[in-house]
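Data first, discussion second: the structure below is written as structure tokens.
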Amino acid sequence: MITEAALTPEIRMRPVTEDDAAALLDAYVRNQSHLKRWEPRRNAAFYTLEGQAARLKTMVERQRAEELAAWLLFDGDRVVGAATLNSVVYGPFRNASLGYWLDAGYTGRGLATRAAREALRAADEDLNLHRVEASTLPDNVASRRVLAKVGFVQIGSAPNYLHIDGAWQDCLIFQTILNDRPAL
Ligand SMILES: CC(C)(COP(=O)(O)OP(=O)(O)OC[C@H]1O[C@@H](n2cnc3c(N)ncnc32)[C@H](O)[C@@H]1OP(=O)(O)O)[C@@H](O)C(=O)NCCC(=O)NCCS
231 MITEAALTPE IRMRPVTEDD AAALLDAYVR NQSHLKRWEP RRNAAFYTLE GQAARLKTMV
291 ERQRAEELAA WLLFDGDRVV GAATLNSVVY GPFRNASLGY WLDAGYTGRG LATRAAREAL
351 RAADEDLNLH RVEASTLPDN VASRRVLAKV GFVQIGSAPN YLHIDGAWQD CLIFQTILND
411 RPAL
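Going by the working numbering, the sequence shown opens with residue 231, and the numbers climb by one from there.
As structure tokens, this is what we get:
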């Protein structure tokens with residue numbers, strides 16, 4: 231079970247709910263050009279209320295099934311970022327994959343670093359995972375810096391790894407080991 235956290239006196243991070251569609255849509259519309267270079271291409275439905283509602287419904291279901299942990303960052307009622315632990319698996323792997331983005335008007339204040347740190351704390355203490363992985367495009371300097379600040383180390387690079395901004399792109403692969411607790 232993941233929880234809410236205050237990242238600063240103004241910015242809080244809380245688990246997504248099915249009621250967040252309008253605020254999330256507004257954030258994606260505001261940040262379309264800011265995120266384009268670093269994200270998968272979005273279809274037309276993504277930029278509709280129905281599309282975001284359907285997306286959130288699936289996310290909440292996956293969250294209940296412990297396959298995903300997703301937070302939104304809020305400044306008041308405004309969504310200004312997100313952090314997600316995707317592909318959560320248990321058994322001997324106990325692993326998840328971390329992703330995040332910040333509203334263009336909120337970058338450069340350490341918020342992604344705080345959000346990533348809180349997601350890692352939750353992965354360790356709330357979800358009882360062992361390892362978190364992340365990947366970035368090689369030229370995503372800000373994201374590489376965030377990963378370094380929260381303790382990720384690069385473990386490799388993967389050619390043709392993710393379909394980002396309309397093309398299969400090479401990525402750098404990072405991991406952090408959270409603890410050495412036994413898997414069972
Ligand atoms: C990557 C991203 C999440 C970083 O968010 P943020 O809140 O600005 O990150 P932080 O402020 O916590 O840390 C950013 C760090 O990168 C550094 N940085 C940012 N741009 C940089 C640049 N062009 N060159 C060198 N360093 C840079 C900052 O100085 C800071 O490091 P510091 O604390 O040592 O000074 C944000 O830029 C974003 O949303 N980008 C688009 C989506 C994206 O790339 N998501 C990640 C996909 S892997």
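We treat Cβ as the ideally placed atom computed from N, Cα and C, and that holds for glycine.
Helix, strand or coil, according to DSSP, for residue i in the structure here?
| i | result |
| --- | --- |
| glutamate 269 | coil |
| arginine 308 | strand |
| valine 246 | coil |
| alanine 274 | helix |
| leucine 255 | helix |
| alanine 300 | strand |
| alanine 283 | helix |
| threonine 288 | helix |
Work out the CA separation of residue j and residue i for me, nearest whole Å.
| i | j | result |
| --- | --- | --- |
| glycine 281 | alanine 275 | 5 Å |
| glutamate 297 | proline 239 | 30 Å |
| leucine 377 | glutamine 293 | 24 Å |
| alanine 295 | proline 389 | 31 Å |
| proline 285 | threonine 247 | Checking the displayed sequence, the identity of residue 285 turns out to be arginine instead of proline. Going by the C-alpha atoms only, they are around 11 Å apart. |
| glycine 335 | alanine 252 | 19 Å |
| valine 290 | proline 270 | 21 Å |
| leucine 341 | leucine 237 | 7 Å |
| alanine 397 | glutamate 348 | 31 Å |
| threonine 288 | valine 318 | 15 Å |
| glycine 321 | leucine 315 | 17 Å |
| tryptophan 304 | phenylalanine 382 | Checking the sequence, you will find phenylalanine at residue 304 rather than tryptophan. For phenylalanine 304 and phenylalanine 382, the distance between alpha carbons rounds to 25 Å. |
| arginine 351 | asparagine 358 | 10 Å |
| valine 310 | aspartate 356 | 24 Å |
| methionine 420 | aspartate 333 | Here the chain has residues from 231 to 414 only, and residue 420 is not among them. |
| arginine 308 | aspartate 249 | 13 Å |
| asparagine 273 | threonine 337 | 26 Å |
| arginine 375 | alanine 235 | 22 Å |
| alanine 353 | threonine 233 | 11 Å |
| alanine 283 | phenylalanine 323 | 31 Å |
Apart from the five residues on each side of it in sequence, which residues of its chain come closer than 7 Å, Cβ to Cβ, to residue i?
| i | result |
| --- | --- |
| arginine 339 | none |
| leucine 265 | Trp331 |
| glycine 386 | Ile403 |
| leucine 279 | Ala251, Ala252, Leu255 |
Apart from the five residues on each side of it in sequence, which residues of its chain come closer than 8 Å, Cβ to Cβ, to residue i?
| i | result |
| --- | --- |
| tyrosine 277 | Leu255, Tyr258, Val259, Gln262 |
| tryptophan 268 | Trp331, Leu367, Asn370, Ser373, Ile394, Asp395 |
| glutamine 399 | Leu367, Asn390, Tyr391, Leu392, His393 |
Among the residues of its own chain, which have a CB less than 6 Å from the CB of residue i, if the five just before and after it don't count?
| i | result |
| --- | --- |
| lysine 379 | Thr343 |
| glutamine 384 | Leu402, Phe404 |
| alanine 300 | Val246, Met289, Thr314 |
*asked:* Runs of 3 residues minimum, wholly inside the stretch 328-409: which ones carry the beta strand (DSSP E) assignment?
replied: Counting whole runs of 3 or more residues, the stretch 328-409 contains the beta strand (DSSP E) stretches 361-366, 383-394, 397-407.
| message | Count Cβ pairs between the stretch 320-328 and the stretch 362-375 that sit closer than 8 Å; are there 3 or more? | response | Flag = yes, the stretch 320-328 and the stretch 362-375 touch.
task: Could you tell me whether the stretch 342-362 touches the stretch 394-409, where touching means 3 or more Cβ pairs closer than 8 Å?
output: These segments touch.
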